[in-house]
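To start, the structure under review is shown below, and the notes come after it.
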Amino acid sequence: RSSCSNAQVGRDFSFGNKVIQRQHLHWSIKGGIDQEVLRMGNETSSTASHVVQQIQSNVEEKWDQIQTVINEQKTNQNDISNGSNGGSSSISNENEEQEVSTEVQGLDPLDLEEAPSLTAEQIQEVKTSWITLKDKLKNIGVLTFLHLFDHHPDAKNSFKSFTDMSTEDLRENEIFHNHANRVMKVIEKVVDRIDTPETYIKYLTMLGQKHVMYDAEPQYLNQMGFMFLAAIQPILEKENAWNDEVRDAWEQLFLVVIYTMRTSMEREQRLAQNGSARAHS
1 RSSCSNAQVG RDFSFGNKVI QRQHLHWSIK GGIDQEVLRM GNETSSTASH
51 VVQQIQSNVE EKWDQIQTVI NEQKTNQNDI SNGSNGGSSS ISNENEEQEV
101 STEVQGLDPL DLEEAPSLTA EQIQEVKTSW ITLKDKLKNI GVLTFLHLFD
151 HHPDAKNSFK SFTDMSTEDL RENEIFHNHA NRVMKVIEKV VDRIDTPETY
201 IKYLTMLGQK HVMYDAEPQY LNQMGFMFLA AIQPILEKEN AWNDEVRDAW
251 EQLFLVVIYT MRTSMEREQR LAQNGSARAH S
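Okay, structure coming up:
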């Protein structure tokens, strides 16, 4: 079994290691969300692109590590099952007892003790900064998606309504604005439930299941997280409300959102694949 715990991986997965985290996503954006924000100069975009690519690479690497841990747990459970049916098992008694306990509960990453969560201090940081952000959600959503499509054009393929639209067209498109606003409403619902993790975990799990029906790509959830951070940073900086603690709190919140939705989506996809395989057997 890997010596790398989900907790360790999860913290590193929080949008990059500390070296990268300290490189603030400076988009040279001042004065809140306005046309200058949406326009973004070429020089600014180039600088931001370099930082975002660094973070994206780290995020995907750490998510792969999380998946490796989960897959190893599945393998260990299968070994235990084989051992109980007369087969051989190479797992030590100590590890076997631990894995059996996990098997009884059901292998659900959302149930693992190491699943990401927020500290009381991080919850307070999110709630405090939310006071400044909540009235600007629609514009934050638009900027988040424009950043996403600017740096990851393929992400547009997940949105049939505006796949072929240019950035200029998107800025004026009501469907695009409405979609961006709906995504921000998800963040709003999570923040509203932030003191009761069981309620927002249930909500995000159901949301992940729905996204499978939409053929959504799980990897874009990672990118949405740090694009959102890039959008809120200048707003909070303007209010002298942006610091390492605030950034870490929002990173951790998005880690929870990403982890919960991705595991839910991937579990739903596995169930669909298993059902399809049984139907053809």
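Numbering (the UniProt record's numbering), first residue to last: 1 to 281. Where a beta carbon is used, it is the ideal one built from N, C-alpha and C, also for glycine. Because the structure is a prediction, the values reported are computed rather than measured.
Cβ-Cβ separation, residue j to residue i (assumed contact under 8 angstroms), whole Å
i      : j      : result
Gln252 : Leu137 : About 20 angstroms; that fails the 8 angstroms criterion.
Gly208 : Ser264 : 3 angstroms
Phe149 : Thr167 : 7 angstroms
Pro116 : Tyr259 : 5 angstroms
Lys134 : Glu188 : 7 angstroms
Inter-residue Cα distance where the pair is residue i and residue j
i      : j      : result
Met206 : Lys185 : 15 angstroms
Ala120 : Phe254 : 16 angstroms
Asp195 : Gln233 : 23 angstroms
Met227 : Lys210 : 22 angstroms
Glu174 : Val257 : 26 angstroms
Glu198 : Val190 : 11 angstroms
Ile201 : Arg262 : 12 angstroms
Lys156 : Ala230 : 19 angstroms
Asn139 : Gln223 : 18 angstroms
Asn178 : Lys160 : 14 angstroms
Asn274 : Leu236 : 46 angstroms
Met165 : Asp154 : 12 angstroms
Leu146 : Ala180 : 10 angstroms
His269 : His152 : Here residue 269 is Gln; the residue named in the question, His, does not match the sequence. The alpha-carbon atoms of Gln269 and His152 are separated by roughly 24 angstroms.
Ser158 : Asp192 : 28 angstroms
Gly141 : Val183 : 7 angstroms
Leu143 : Asn243 : 21 angstroms
Contact set for residue i: own chain, Cβ-Cβ below 6 angstroms, skip 5 residues either direction
i      : result
Ser88  : With a pLDDT of only 36 at Ser88, under 50, the local geometry of the prediction cannot be trusted, and the value read off the model is given with reservation. Correct list: empty, nothing qualifies.
Phe176 : Phe162 and Leu170
Ala249 : Gln122, Glu125 and Val126
Arg247 : none
Glu245 : Glu125
Glu172 : none
DSSP state of residue i mapped onto helix, strand, coil
i      : result
Lys261 : Going by the sequence as given, residue 261 is Met instead of Lys. Helix.
Asp108 : The pLDDT assigned to Asp108 is 36, lower than 50, so where the model puts this residue is not dependable, and the model offers no usable value.
Asn274 : helix
Glu268 : helix
Own chain partners of residue i with C-beta closer than 8 angstroms, once the 5 adjacent residues on each side are dropped
i      : result
Leu271 : none
Ala241 : Thr128, Ser129 and Thr132
Close Cβ partners of residue i (< 7 angstroms) along its chain, the five nearest in sequence each way excluded
i      : result
Leu221 : Ile258, Met261 and Arg262
CB contact below 8 angstroms: residue i versus chain D
i      : result
Gly225 : Note that chain D does not occur in the displayed structure, where there is just one protein chain.
heavy atom of the ligand NAD below 7 angstroms from residue i C-beta
i      : result
Val246 : The ligand NAD is absent from the structure shown, which contains no ligand whatsoever.
In chain order, which continuous runs of the alpha helix (DSSP H) of length 4 or greater are located wholly inside the UniProt domain "Globin" (117-266)?
120-133, 137-151, 167-172, 174-192, 197-213 and 219-238
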